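Engineer: Input: one structure, supplied below.
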Amino acid sequence: MKQSYQTDERLVLEGKKVKILCAERAAHADAGVIVDYFRCTVQRETLFAAQIPSKGELIVDGLQLDSEIVQDLAVHFAKLLGFLPGEARPGRDYYDHSYTIINEHGKEVASVSGGGVSQRGTFCFTVKGEGCTFGQAGWEQRLYDFFLPLQGKVTRIDLARDFFDGKYGFDAAYEAYQNDEFSYRGRKPSFDDAGSKKGFASTFYVGKRDSGKMFRGYDKGHQFKLLDDPWWRAEVELRSANRVIPLETLIRPASFFAGAYGFTARILENVEPQAIPTLQKVAESSVERTVRWFERTVAPSLVHLSLAAGFDWLMDIAENQAHRPLPKSLNGISLEAMQAGIRKSLKRFSSTPPEPAGLATI
44 MKQSYQTDER LVLEGKKVKI LCAERAAHAD AGVIVDYFRC TVQRETLFAA
94 QIPSKGELIV DGLQLDSEIV QDLAVHFAKL LGFLPGEARP GRDYYDHSYT
144 IINEHGKEVA SVSGGGVSQR GTFCFTVKGE GCTFGQAGWE QRLYDFFLPL
194 QGKVTRIDLA RDFFDGKYGF DAAYEAYQND EFSYRGRKPS FDDAGSKKGF
244 ASTFYVGKRD SGKMFRGYDK GHQFKLLDDP WWRAEVELRS ANRVIPLETL
294 IRPASFFAGA YGFTARILEN VEPQAIPTLQ KVAESSVERT VRWFERTVAP
344 SLVHLSLAAG FDWLMDIAEN QAHRPLPKSL NGISLEAMQA GIRKSLKRFS
394 STPPEPAGLA TI
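Throughout, the numbering used here is defined as the position within the sequence shown, counted from one, plus 43.
Shown next, in the form of structure tokens:
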């Protein structure tokens, strides 16, 4: 019992310290929105292309082993975050090698991983929540400057807004859900209200991780045994599943936080929301632009030739040219996205546009 009491006491002390730091970060953050988790990958080729950064503080080359590159990257990454390099560990997330980054107490707060055929020559950089909270001020901008020339791909980032006075909470989030402030194209995503039915500290989840976007709202104070504290956190988790996350989310988190849902836009004041489109939506837009180009550029000649000679020759050309590769504007777009883009374009001409069924046979 004594051990449990001491553990709870340490949690409370840690929680009070974290709350102070979060309040300080929020005061200087972009509309109070902070980054609470970050993961980014870079391709091996970009590391070999130039010195990193331009001052030459870090250089990697093709003669190094993957484990050596991982360690060198971890040493530099620790410096950017304001922590210390830790030690080599077994590979994580299907990488062959990992190297930890630790705080002054020896606790892991970040890591770098690399090596492994299944990861296609990438190196992965991760900053945990505690690393984000205790990182040296300005780490977000330093990481942005580091990853920008490397064309870093953000695979996960958590954006959080703290409400220390209890202005928002579970009830506000649930009401917003019922009022379609989390809905997309008129459809409500799935949700879970873990803990609410049992009377414990509750976490309100909207969406699923495999969709690439999820909302969490929870009693942050309860995490540290601060049971009477009204501290509530609203958090948006973005993953690279079905979307490309801009690196700018590191330095302009508020716009992307607001752009995630109607609710997150409402709880931020005077912030222009910036949504991250899904790849499906980007693909549909690309197809629609191609159809509009066809309409403006090709259709006039096509119509008059067809009026003079009939339409059978069009199918002959389609069959004759079906072997040619897709143009760049359509490269990588799925059949479903093509069909959706065509249907969207054809709505301008008919209230019940025909299905482009012939597309599947070309």
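C-beta atoms are modelled at their ideal positions from N, C-alpha and C, and glycine is treated no differently. Since the model is a prediction, treat every value here as computed from it, not as a measurement.
(1) Based on Cα-Cα distance, which residue from 159, 230, 181 and 272 lies nearest to residue 87?
(2) On the DSSP bridge list, what partners appear for residue 247?
(3) Leaving out five residues on either side along the sequence, give the residues of the same chain with a beta carbon under 7 Å from the beta carbon of residue 149.
(4) Just to confirm, is the Cβ distance from residue 168 to residue 83 under 7 Å?
(5) Taking the beta strand (DSSP E) that residue 196 belongs to, which residues open and close that run?
(6) What residues in its chain sit with their C-beta under 7 Å from that of residue 116, if we drop five residues either side in the sequence?
(7) One question on the structure: do residue 211 and residue 275 come within less than 7 Å of each other, judged by their Cβ atoms?
(8) Pick helix, strand or coil for residue 275, following the three-state DSSP scheme.
(9) Do three or more CB pairs link the region 250-268 to the region 176-185 at distances below 8 Å?
(10) Work out the CA separation of residue 137 and residue 259 for me, nearest whole Å.
(11) Could you tell me the boundaries of the beta strand (DSSP E) in which residue 110 lies?
(12) Please report how far the alpha carbon of residue 144 lies from the alpha carbon of residue 128, in whole angstroms.
(13) Cutting at 6 Å between CB atoms, please list the residues of its own chain near residue 74, excluding the five before and the five after it.
(14) Can you find at least 3 beta carbon pairs, one from the region 190-199 and one from the region 279-293, that sit closer than 8 Å?
(15) Going by Cα to Cα distance, which pick from 113, 226, 106 and 61 is closest to residue 302?
(16) Could you please give the first and the last residue of the uninterrupted beta strand (DSSP E) stretch that includes residue 168?
(17) Quick one: grab the DSSP three-state call for residue 224.
(18) Does the Cβ of residue 340 have 16 or more other Cβ atoms within 10 Å, making it buried, or fewer, making it exposed?
(19) Taking the beta carbon of residue 241 as the centre, do at least 16 other beta carbons fall within 10 Å, making it buried, or is it exposed?
(20) Under 7 Å between the Cβ atoms of residue 209 and residue 273?
(21) Output needed for residue 204: all residues of its chain with C-beta closer than 6 Å, excluding positions within five of it in sequence on either side, in chain order.
(22) Kindly identify the DSSP beta-bridge partner or partners of residue 157.
(23) Could you tell me which of 247, 320, 347 and 217 sits nearest to residue 254, measuring between CA atoms?
(24) Rounded to whole angstroms, what's the CA-CA distance from residue 338 to residue 368? Just pull it up for me.
(25) Determine the DSSP secondary structure at residue 304, reduced to helix, strand or coil.
(26) For residue 355 and residue 286, I'd like the C-alpha separation in whole angstroms.
(27) For a quick check, are the C-beta atoms of residue 123 and residue 68 less than 7 Å apart?
(28) Just the C-alpha distance for residue 62 and residue 173, rounded to the nearest angstrom, thanks.
(29) Consult DSSP for residue 68 and reduce its assignment to one of helix, strand or coil.
(30) So what does residue 76 bridge to, in DSSP terms?
(31) Just how far apart, CA to CA, sit residue 78 and residue 108?
(32) Quick one, are the C-beta atoms of residue 142 and residue 114 less than 7 Å apart?
(33) Quick check on residue 353: does DSSP put it in helix, strand or coil?
(34) According to DSSP, is residue 365 part of a helix, a strand, or is it coil?
(35) With a cut-off of 8 Å on the beta carbons, I'd call residue 170 and residue 299 a contact; round off their distance for me.
(36) Just verifying my parser: in three-state terms, what is the DSSP assignment at residue 58?
Structural biologist: Taking the definition as stated:
(1) 159
(2) 236 and 260
(3) none
(4) yes
(5) 196-206
(6) 155 and 166
(7) yes
(8) strand
(9) no
(10) 27 Å
(11) That residue, residue 110, is in no beta strand (DSSP E); its alpha helix (DSSP H) goes 109-124.
(12) 5 Å
(13) 297, 311 and 314
(14) yes
(15) 226
(16) 165-170
(17) coil
(18) exposed
(19) Only weak support exists for where residue 241 lies, its pLDDT of 49 falling under 50; the coordinates are left without a value.
(20) yes
(21) 75, 76 and 277
(22) 140 and 166
(23) 320
(24) 21 Å
(25) coil
(26) 40 Å
(27) no
(28) 12 Å
(29) helix
(30) 73 and 204
(31) 32 Å
(32) yes
(33) coil
(34) coil
(35) With 8 Å as the limit, residue 170 and residue 299 do not qualify as a contact, their Cβ atoms being about 17 Å apart.
(36) helix
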